[in-house]
Amino acid sequence: MMNKDHTKATPRKRDDRDPVCGKHINRNKAHITVVYEGDEYLLCCPLCQAEFERDPGRYVR
Ligand SMILES: [Zn+2]
Numbered sequence: 008m009m010n011k012d013h014t015k016a017t018p019r020k021r022d023d024r025d026p027v028c029g030k031h032i033n034r035n036k037a038h039i040t041v042v043y044e045g046d047e048y049l050l051c052c053p054l055c056q057a058e059f060e061r062d063p064g065r066y067v068r
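The opening position of the sequence shown corresponds to residue 8 in our numbering, with each subsequent residue numbered one higher.
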């Protein structure tokens, strides 16, 4: 599905990629999106979320 959602403003979008495991993620299917320092990140699962939140600086640049 290529359904683009323009109905709400989103933070600056970097990449449809999970910074923890490196998987590309359909943002409609992401476990969660987190915003860190104005950038939005997609996480695929609770494990990646926990890992990201434990040490976000390790996964952002
Ligand atoms: Zn992941």
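Beta carbons: idealized from backbone N, C-alpha and C, even for Gly. All values derive from a computational prediction rather than experimental measurement.
Can you tell me the Cα-Cα spacing of Leu54 and Tyr48, whole angstroms?
-> 14 Å
Could you tell me if the beta carbon of Val41 falls within a distance shorter than 6 Å of some heavy atom in ligand 1?
-> no
Which word fits Val42, buried or exposed, when buried means at least 16 other C-beta atoms lie within 10 angstroms of its C-beta?
-> exposed
Hey, out of Leu50, Tyr66, Arg68, whose CA is closest to Asn85's CA?
-> With the chain covering only 8 through 68, there is no way to say anything about residue 85.
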